[in-house]
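Right, one structure below, let's go through it.
In the numbering used here, the protein residues as written are 62 to 912.
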């Protein structure tokens with residue numbers, strides 16, 4: 062039974078896409094594992110709801126019958142589930158729309174006012190799920206049984222446009238990478254700027270996608286740019302976007318945290334499921350249409366899964382925090398996916414270059430889709446593996462948080478499979494979540510550093526002490542965690558045994574990664590009061606208490622063995638070992654202490670480093686014995702930090718961790734000198750910021766407080782912007798706010814390429830170098846250099862970061878200066894919140910944004 066909760070029970074292999082309608086029709090596309098052939102099944106299912114009471118269906122009279130009487134035309138059946146859960150009546154009908162209408166009619170009579178949407182009813186009264194999830198939960202089916210990641214037919218496409226505004230700009234070229242890896246380019250044939258010419262290009266794109274018939278369509282920022290832009294252009298030009306496998310209608314919309322603004326319905330098809338274009342559960346027609354520009358949606362089509370590799374990148378960076386940015390070029394370089402001959406063109410110049418050197422743009426666009434395919438293979442395996450477990454569409458799991466997006470559907474399926482009533486969401490009783498423990502024992506530079514990792518501490522404690530939600534009477538959450546941990550270990554073992562680079566290794570590595578995501582979210586699920594169905598803050602706090610005990614035992618036993626503790630949290634402990642110790646001594650100590658921990662808590666030797674700068678809790682730099690510098694925490698890497706400052710930090714940290722204090726001084730002097738000579742490109746002094754205020758709101762409060770990002774946009778001549786839009790801004794001379802054109806598109810392009818065939822005025826616009834030198838020199842010292850202060854004696858810090866143009870007459874020599882390590886007499890303790898969702902978010906670097 063418990064394996065069925067995790068994997069489903071229907072053995073049907075090869076499902077690559079599911080599409081269900083509220084009227085009870087479901088369409089299933091499968092690839093036969095033996096031949097790879099595509100088949101389609103058209104089936105009927107009985108849409109269902111969970112209700113707390115049958116009162117709102119009493120008006121049906123004899124048409125409301127027990128499930129044992131069986132289905133019949135216009136009949137609604139019910140089954141009372143076992144146990145004390147509030148949602149105890151499973152009601153079904155042949156048509157979900159009729160079922161929803163019946164519930165809403167009854168609720169309107171009971172309440173004395175019209176109820177138009179099921180979402181208007183209390184969550185403790187009704188549970189409604191999207192049609193595909195209803196079908197998958199009821200049938201016990203899941204995606205991809207018997208298929209590996211590479212068995213799916215995947216297509217990548219990338220648009221090249223004349224600009225970023227789909228109401229004004231146009232698509233002039235599209236690159237595609239076919240499922241067999243072949244790349245091709247479609248481009249305008251005729252006069253540039255002609256409606257009929259662009260419409261012809263879009264129609265050829267639709268025809269080509271339908272001919273190649275992929276299971277998956279993907280790109281980097283697919284939902285943030287390509288699909289919304291394509292939909293808008295197609296709408297304006299009257300081109301039907303029949304990209305699905307079921308013909309018309311074409312694109313529809315679904316809600317999402319990241320995607321297109323819901324205010325623009327684009328080319329979504331009217332009429333079906335809540336026109337215009339929104340895709341809704343029965344009884345929620347129109348529920349997601351809103352003028353609120355902060356609400357977002359994504360497009361979806363029957364028979365294909367639309368995957369945005371940006372989701373996998375952000376999920377990776379949320380945990381690893383090792384990416385220089387989230388743009389395609391930066392990430393591809395980071396992972397070694399970009400070839401040595403990768404074509405690079407500044408985004409603002411792509412159309413201009415196309416007019417004079419179209420072959421260069423073709424290479425550039427083809428490189429984009431190749432890198433998107435590489436990213437999908439490298440980082441997309443976890444979402445693929447999750448779809449083998451959770452009863453949701455693959456594309457929804459790709460951008461879902463693991464708590465409400467994965468665990469909740471698994472738990473709903475488990476309870477319905479067991480015939481058990483589900484508890485409703487409940488508010489908390491006012492008890493606060495105590496959060497995870499974090500200790501900082503020392504600051505500064507330590508040598509001979511070891512990290513001992515506590516593998517999945519909180520889920521391990523849940524298993525060890527059987528701590529689960531009080532209202533989970535089946536123990537389903539703990540059972541799922543148990544199965545996931547055991548099967549993850551088996552997947553890791555299979556991956557290690559498989560040949561490097563083989564599909565078997567890739568599949569099992571992806572499975573292990575997916576299971577880790579879900580396992581590690583279990584504790585956050587407990588503490589997410591009001592957000593998750595089985596939240597239990599008291600159980601979460603008991604896990605936290607046990608975690609503090611384990612962490613305390615771990616630190617005491619390590620210290621008793623002569624090491625110097627540096628930092629400890631639920632991820633593990635960093636400590637420095639005495640001079641003369643070798644790796645066998647380090648491993649011995651970890652093994653000895655690990656043997657003292659509870660049986661299900663595993664302490665692992667994770668790594669060893671030549672040196673570490675401990676700055677603040679969760680903010681540190683590590684220098685391995687071999688390999689590049691490792692930076693952790695927003696103090697050392699942030700999407701908002703100015704690149705020139707981060708570049709200085711990396712150079713200075715390499716010297717600092719090597720004990721070369723004069724080298725730190727040289728790095729600082731070089732940076733200040735380059736600033737004053739304006740040798741640093743403008744882009745390297747910009748901060749990439751997200752606009753969070755609507756234009757009307759900012760303009761209304763502008764007289765009281767001015768903020769650099771918005772002033773920069775206004776100074777560029779714009780008076781409107783989108784919430785969530787990211788821009789690169791800087792402080793220019795004379796107190797002005799500067800906006801650098803095309804914030805993301807120039808990533809990775811050599812400076813020489815900007816202007817190789819560009820006018821001097823265009824080059825100046827991309828790199829005016831009119832930044833406020835004095836401001837950025839202060840920022841370098843007061844923000845970036847300050848992060849090294851704990852590693853230096855006060856007099857050495859003053860000497861290292863003295864103004865090179867105004868040196869002190871009595872500056873001490875740095876020849877004998879050394880980094881310092883300060884033991885914190887009263888170790889700093891902090892509580893860190895553990896989120897229920899693995900939702901990617903990047904905090905600011907702390908750079909001033911006000912004017």
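For each residue, glycine too, the CB sits at the ideal point set by N, CA and C. From a predicted model like this one, the values you see are computed outputs, not experimental measurements.
Exercise. Tell me whether residue 301 sits in a helix, a strand or coil according to DSSP, three-state version.
Key: Coil, per DSSP.
Quiz item: Using a Cβ-Cβ cut-off of 7 Å (strictly less than) and excluding sequence neighbours within five positions of residue 175, which residues of its own chain qualify?
Solution: Only 169 meet the Cβ criterion.
Quiz prompt | Within 7 Å, strictly: CB atoms of residue 764 and residue 798 | solution = No, the Cβ-Cβ distance between residue 764 and residue 798 is not below 7 Å.
Practice problem: Take the Cβ of residue 375 as the centre, count every other Cβ of all protein chains shown within 10 Å, and call the residue buried at 16 or more, exposed below. | Solution: Buried, by the Cβ-count rule.
Quiz item: Once you ignore the five residues that flank residue 698 on each side, which residues in its own chain have a CB closer than 6 Å to its CB?
Solution: Once the five neighbours on either side are set aside, the close Cβ partners of residue 698 are 692.
Quiz item: Does any heavy atom of the ligand MN sit closer than 6 Å to the C-beta of residue 197?
Solution: The model on display carries no ligand, and the ligand MN is accordingly not part of it.
Quiz item: What span of residues does the beta strand (DSSP E) with residue 626 cover, start to end?
Solution: 625 to 630 is the extent of the beta strand (DSSP E) around residue 626.
Practice problem: Closer than 6 Å by C-beta to residue 81: which residues in its own chain qualify, once you throw out the five before and the five after it? Chain order, please. | Solution: The beta carbon of residue 81 sits closer than 6 Å to those of 87, 192, 193 and 196, all from its chain and outside the five residues before and after it, given in chain order.
Self-check item: Cβ shell of residue 668 (< 7 Å), same chain only, five flanking positions each side left out
Solution: Only 512 meet the Cβ criterion.
Quiz item: Measuring CB to CB, does residue 246 end up less than 7 Å from residue 423?
Solution: Going by C-beta atoms, residue 246 is nearer than 7 Å to residue 423.
Quiz item: Does the distance from the C-beta atom of residue 576 to that of residue 627 stay below 7 Å?
Solution: Between residue 576 and residue 627, the C-beta spacing is not below 7 Å.
Quiz item: Where do the N-terminal and C-terminal ends of the beta strand (DSSP E) with residue 800 fall, by residue?
Solution: It spans 798 to 801 - the beta strand (DSSP E) in which residue 800 sits, taken as one unbroken run.
Exercise. Counting only runs of 3+ residues fully inside the segment 682 to 721, write out the beta strand (DSSP E) ranges in chain order.
Key: Here the runs fully enclosed are 691 to 693.
Quiz prompt | Residue environment, residue 684, which counts as buried when at least 16 other CB atoms sit within 10 Å | solution = Within 10 angstroms of the beta-carbon of residue 684 lie 16 or more other beta-carbons, which makes it buried.
Quiz item: Alpha carbon to alpha carbon, what distance is there between residue 687 and residue 852?
Solution: Cα to Cα, the separation comes out at about 22 Å.
Self-check item: Coarse secondary structure for residue 142, derived from DSSP in three states
Solution: Looking at residue 142 - three-state DSSP - the assignment turns out to be coil, as it is neither helix nor strand.
Quiz prompt | Three-state secondary structure assigned by DSSP to residue 636 | solution = Note: residue 636 maps to strand in three-state DSSP.
Exercise. Indicate the three-state DSSP secondary structure (helix, strand or coil) for residue 413 in the structure shown.
Key: Reduced to three states, the DSSP call for residue 413 is helix.
Quiz item: Residue range of the alpha helix (DSSP H) that residue 66 falls in?
Solution: Annotation: the continuous alpha helix (DSSP H) that includes residue 66 extends over 63 to 68.
Quiz item: Shortest alpha-carbon distance to residue 458 belongs to which of 317, 517 and 552?
Solution: Selected option, being the one with the closest Cα: 317.
Quiz prompt | Alpha-carbon spacing of residue 124 relative to residue 190, whole angstroms | solution = Distance between the alpha carbons of residue 124 and residue 190: 23 Å.
Quiz item: What residue ranges within the segment 114 to 200 form continuous beta strand (DSSP E) runs of no fewer than 3 residues, ordered along the chain?
Solution: Here the runs fully enclosed are 125 to 127, 137 to 141 and 150 to 154.
Quiz prompt | Length of the line joining the Cα atoms of residue 828 and residue 74 | solution = Answer to the nearest angstrom: the Cα atoms are 55 Å apart.
Quiz item: Over what stretch of residues does the alpha helix (DSSP H) that includes residue 618 continue unbroken?
Solution: For residue 618, the uninterrupted alpha helix (DSSP H) run begins and ends at 598 to 621, by DSSP.
Quiz item: So with Cβ pairs under 7 Å, would you call residue 104 a contact of chain B?
Solution: Looking at the structure shown, chain B is missing, and only one protein chain is on hand.
Quiz prompt | Three CB pairs or more closer than 8 Å across the segment 436 to 444 and the segment 180 to 187 | solution = No: fewer than three Cβ pairs fall under 8 Å.
Exercise. Pick out whichever of 645, 592, 785 and 264 has its Cα sitting closest to the Cα of residue 754.
Key: Per the Cα distances, 785.
Quiz item: Could you check where the beta strand (DSSP E) with residue 531 kicks off and where it finishes?
Solution: No beta strand (DSSP E) contains residue 531, which DSSP labels as neither H nor E.
Practice problem: Could you tell me whether the Cβ atoms of residue 281 and residue 159 are closer together than 7 Å? | Solution: Residue 281 places its beta carbon 7 Å or farther from that of residue 159.
Quiz item: Nearest to residue 604 by CA position, among 783, 128, 495 and 405, is which residue?
Solution: Checked all of 783, 128, 495 and 405; the closest Cα to residue 604 is 495.
Exercise. Report the residue from 635, 618 and 662 whose alpha carbon sits nearest the alpha carbon of residue 653.
Key: Cα-wise, what sits closest to residue 653 is 618.
Quiz item: To the nearest angstrom, how far is it from the Cα of residue 745 to the Cα of residue 708?
Solution: Using only the alpha carbons, I get a separation of about 9 Å.
Exercise. Report all residues from its chain with a CB closer than 7 Å to the CB of residue 526; omit the five preceding and five following residues, and keep chain order.
Key: Correct list, in chain order: 607.
Practice problem: Report the residue from 118, 224, 673 and 453 whose alpha carbon sits nearest the alpha carbon of residue 200. | Solution: Of all alpha-carbon atoms in 118, 224, 673 and 453, the one lying nearest the alpha-carbon of residue 200 is that of 453.
Self-check item: Bridge partner(s) assigned by DSSP for residue 583
Solution: Within the DSSP bridge table, the entry for residue 583 names no partner.
Quiz item: At a cut of 8 Å, does the segment 474 to 493 reach the segment 587 to 602 through at least three beta carbon pairs?
Solution: The segment 474 to 493, when compared against the segment 587 to 602, does touch it at the 8 Å Cβ threshold.
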